[in-house]
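> Going by my numbering, the sequence shown opens with residue 28, and the numbers climb by one from there. Ideal Cβ positions, reconstructed from N, Cα and C, are used throughout, including at glycine. Quick caveat, the model's predicted, so the values are computed rather than measured. First the structure, then my questions, so here it is.
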Amino acid sequence: MNFQNTLEFAKKLDAQDALAKYKNEFIFPKVNGKDVIYFTGNSLGLQPKVAKTYVDEIMTNWAELAVEGHFHGSKPWWDYQERFADPLSKVVGAKPSEVAVMNTLTVNLNLLMVSFYRPTKQRFKIICEEKAFPSDQYMIQNQVRHHGLNPEEAIVEVKRREGEHNFRMEDIIAKINEVGEELALVLIGGINYYTGQVLDMATITKAGHDVGAYVGWDLAHAAGNIKLELHNWGADFAAWCSYKYMNAGPGSASGIFIHEKHHNSNLPRFAGWWGHNKERRFLMEPTFDPVKGAEGWQISNLPILSLAPYLASVYMFDEVGMDALIEKRDKITSYLEFILKDIAAQVGGDFEIITPSEPEQRASQLSILLHGQGRELFNYLMKNGVIPDWREPNVIRLAPVPFYTSFEDMYHFGQILKQGLV
Numbered sequence: 028m029n030f031q032n033t034l035e036f037a038k039k040l041d042a043q044d045a046l047a048k049y050k051n052e053f054i055f056p057k058v059n060g061k062d063v064i065y066f067t068g069n070s071l072g073l074q075p076k077v078a079k080t081y082v083d084e085i086m087t088n089w090a091e092l093a094v095e096g097h098f099h100g101s102k103p104w105w106d107y108q109e110r111f112a113d114p115l116s117k118v119v120g121a122k123p124s125e126v127a128v129m130n131t132l133t134v135n136l137n138l139l140m141v142s143f144y145r146p147t148k149q150r151f152k153i154i155c156e157e158k159a160f161p162s163d164q165y166m167i168q169n170q171v172r173h174h175g176l177n178p179e180e181a182i183v184e185v186k187r188r189e190g191e192h193n194f195r196m197e198d199i200i201a202k203i204n205e206v207g208e209e210l211a212l213v214l215i216g217g218i219n220y221y222t223g224q225v226l227d228m229a230t231i232t233k234a235g236h237d238v239g240a241y242v243g244w245d246l247a248h249a250a251g252n253i254k255l256e257l258h259n260w261g262a263d264f265a266a267w268c269s270y271k272y273m274n275a276g277p278g279s280a281s282g283i284f285i286h287e288k289h290h291n292s293n294l295p296r297f298a299g300w301w302g303h304n305k306e307r308r309f310l311m312e313p314t315f316d317p318v319k320g321a322e323g324w325q326i327s328n329l330p331i332l333s334l335a336p337y338l339a340s341v342y343m344f345d346e347v348g349m350d351a352l353i354e355k356r357d358k359i360t361s362y363l364e365f366i367l368k369d370i371a372a373q374v375g376g377d378f379e380i381i382t383p384s385e386p387e388q389r390a391s392q393l394s395i396l397l398h399g400q401g402r403e404l405f406n407y408l409m410k411n412g413v414i415p416d417w418r419e420p421n422v423i424r425l426a427p428v429p430f431y432t433s434f435e436d437m438y439h440f441g442q443i444l445k446q447g448l449v
């Protein structure tokens with residue numbers, strides 16, 4: 028498409044947008060009395076208006092039914108989490124039995140590593156990406172130490188080439204093959220949080236399996252953002268948060284995926300009564316009998332108030348479908364890229380888009396490396412009604428989330444950016 032950096036053209040794109048109406052389903056902060064242009068859904072998604080209804084429903088049942096809310100009321104708490112299985116499985120490309128919600132992201136990754144990081148004398152190494160999200164780095168280091176191993180020997184980082192911002196697939200595959208029979212686990216972020224690069228998860232999963240390793244994915248920036256096919260790819264496990272693209276609220280519950288090939292295995296796990304055979308859960312039996320499927324990795328009863336806004340959002344995803352979201356995502360991200368380049372050409376902006384330009388290697392994020400302006404430009408944008416994300420030392424991340432950003436937003440952002448650069 029031949030884009031134009033005009034208000035008329037942006038409004039024309041919005042008029043053609045089948046998802047435009049969903050912007051009115053979210054609540055926006057205001058700056059100077061106007062709704063902000065919100066580019067930070069890759070850190071915390073906006074609140075869906077319907078989320079409050081779901082939370083209020085829990086509060087009402089709690090007030091009117093107290094403990095009986097577990098088994099009575101509009102959505103009994105006893106099986107509340109089971110409502111996620113079908114719609115959430117569609118978001119991540121899984122079977123309903125392969126997904127569950129519980130805990131938060133890093134807690135879940137730690138619990139999954141109990142099952143899938145089983146180092147031996149020969150096979151003990153973990154491959155991760157260079158400068159992974161810090162929480163993942165801390166977790167992997169501590170898991171290695173927990174097994175009495177030295178992180179410097181057990182952790183192998185895939186690195187970017189000198190002078191390049193993104194990983195090369197051939198380098199990741201080469202590293203997997205190089206570690207070979209010593210490799211126990213590949214655990215990488217499906218989307219790099221800093222640059223927004225989307226990795227070829229199918230190819231990496233196959234490469235890890237070919238050398239006999241387990242392969243798991245941190246999908247914090249991928250769930251609700253890209254087309255996932257976890258079951259078909261054969262990934263062993265994955266986990267994701269729900270408060271970014273899935274708009275479930277700050278610190279809300281995490282989702283997990285465990286491939287069905289492991290459902291009847293004897294993989295060790297940390298156990299708790301909510302993962303016990305649900306037909307016998309209240310018999311208080313002394314021996315753990317796990318639920319078949321991903322729910323068998325649950326430990327404690329679920330935080331229902333945390334799940335409520337997540338369920339509201341999951342139903343919204345189910346209504347729209349990932350294909351429609353991805354179609355708009357690609358179009359609006361491309362338009363944002365066009366706006367950025369056009370403004371740079373007009374005023375000589377000294378910045379660089381470090382997110383890959385190839386559509387298959389990016390999603391709803393463009394990371395802008397500032398060479399000249401520094402944090403002053405970020406502060407200017409914030410004061411003028413644009414909410415982007417700042418990452419040290421000098422990157423602004425922009426996420427045009429298809430649910431609630433418009434093409435007109437992209438145009439107005441360009442005009443504000445232009446004023447900040449002159």
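For F405, report the span of its alpha helix (DSSP H) as first-last.
Unbroken alpha helix (DSSP H) run through F405: R402 to K410.
> Which class does A247 belong to by DSSP, given the choice of helix, strand or coil?
Coil.
> Grab the span of the alpha helix (DSSP H) containing D357 for me, first residue to last.
That run of the alpha helix (DSSP H) goes M349 to V374.
> For N94, is the classification buried or exposed, using 16 other Cβ atoms within 10 angstroms of its Cβ as the cut-off for buried?
The identity of residue 94 in the sequence shown is Val, whereas the question assumes Asn. Exposed: under 16 other Cβ atoms inside 10 Å.
> Indicate the three-state DSSP secondary structure (helix, strand or coil) for K39 in the structure shown.
Residue state, collapsed to three classes: helix.
> Roughly how many angstroms separate the alpha carbons of T147 and E109, rounded to a whole number?
Going by the C-alpha atoms only, they are around 36 Å apart.
> Are H258 and H286 closer than 8 Å when you measure CB to CB?
Yes, the pair counts as a contact, with Cβ atoms nearer than the cut-off.
> Per DSSP, R418 forms a beta bridge with which residues?
Answer by DSSP bridge pairing, in chain order: V422.
> From this set, A371, P427 and E84, which residue's C-alpha is nearest G447's C-alpha?
Of the candidates A371, P427 and E84, the one whose C-alpha sits nearest the C-alpha of G447 is A371.
> In chain order, which beta strand (DSSP E) runs of at least 3 residues are fully inside the segment 271-320?
For the segment 271-320, whole beta strand (DSSP E) runs of length 3 or above, ordered along the chain, are 281-285.
> Quick one: grab the DSSP three-state call for V428.
Residue state, collapsed to three classes: coil.
> Hey, would you say S394 sits closer than 8 Å to R424, going by beta carbons?
Against a cut-off of 8 Å, the Cβ pair of R424 and S394 comes out as a contact.
> Under the assumption that D245 contacts N32 (Cβ atoms under 8 Å), give the Cβ distance between them as a whole number of angstroms.
The Cβ separation is near 36 Å, so there is no contact.
> Closer than 6 Å by C-beta to A78: which residues in its own chain qualify, once you throw out the five before and the five after it? Chain order, please.
The residues are P336 and A339.
> Could you round the C-beta distance between G412 and K61 to whole angstroms and report it? I think they count as a contact, below 8 Å.
Contact flag correct, Cβ pair sits at about 6 Å.
> Look at the alpha carbon of I453 and the alpha carbon of L310, and state the distance between them as a whole number of angstroms.
Because the chain spans 28 through 449 in this model, residue 453 falls outside it and cannot be assessed.
> How long is the line joining the alpha carbons of Y81 and T87, rounded to whole angstroms?
Going by the C-alpha atoms only, they are around 10 Å apart.
> Hey, could you find the ends of the alpha helix (DSSP H) G447 is sitting in?
Element bounds for G447: F434 to L448.
> Could you compute how far the alpha carbon of A37 sits from the alpha carbon of P415?
Approximately 20 Å between the Cα atoms of the pair.
> Should M343 go down as buried or exposed, given a rule of 16 or more other Cβ atoms within 10 Å for buried?
Its Cβ being crowded by 16 or more others within 10 Å, M343 is buried.
> Going by DSSP in three states, Q74 sits in which element: helix, strand or coil?
Three-state DSSP puts Q74 in a strand.
> Cα separation between E256 and R150?
Each residue's Cα considered, the two are about 28 Å apart.
> Of all the options N59, E419, E157 and V238, which has the alpha carbon lying nearest to the alpha carbon of N204?
Closest by alpha carbon: V238.
> Taking C-alpha atoms, which residue in D316, K158 and A121 lies nearest to A298?
If we check each option's Cα against that of A298, D316 comes out closest.
> Bridge partners of G216, per DSSP?
DSSP output for G216 lists D245 as bridge partner(s).
> Assign R402 to buried or exposed, taking buried as 16 or more other Cβ atoms, counted over all protein chains shown, within 10 Å of its Cβ.
R402 comes out exposed.
> For K288, count neighbouring C-beta atoms within 10 Å of its own C-beta (all shown protein chains included) and say buried if the count is 16 or more, exposed if not.
When all chains shown are included, K288 counts as exposed.
> When you compare each of A201, S162, D163 and N193 to I381 by their alpha carbons, which one comes out closest?
Minimum Cα distance to I381 is reached at N193.
> As an exercise, report each continuous alpha helix (DSSP H) stretch of at least 4 residues that is fully enclosed by the segment 97-137, in chain order.
Those alpha helix (DSSP H) runs which fall completely within the segment 97-137 and span 4+ residues are 112-119.
> Using the rule of at least 16 other Cβ atoms within 10 Å of the residue's Cβ for burial, across every protein chain shown, is V428 buried or exposed?
V428 should be labelled buried.
> At which residues does the alpha helix (DSSP H) containing V171 begin and terminate?
First-last of the alpha helix (DSSP H) with V171: P161 to H173.
> Within the same chain, show all residues whose beta-carbon is closer than 6 Å to that of V422, passing over the 5 residues directly before and after it, in chain order.
The residues are S394 and L396.
> Where does I200 sit, in a helix, a strand or coil, going by DSSP?
It is helical.
> Contact defined as beta carbons within less than 8 Å: I believe L138 pairs with W324. What is the distance between those atoms, to the nearest angstrom?
At roughly 7 Å, the Cβ-Cβ gap stays under 8 Å, so L138 and W324 are in contact.
> In angstroms with no decimal places, state the Cα-to-Cα distance between P420 and G190.
Rounded to the nearest angstrom, the two C-alpha atoms are 16 Å apart.
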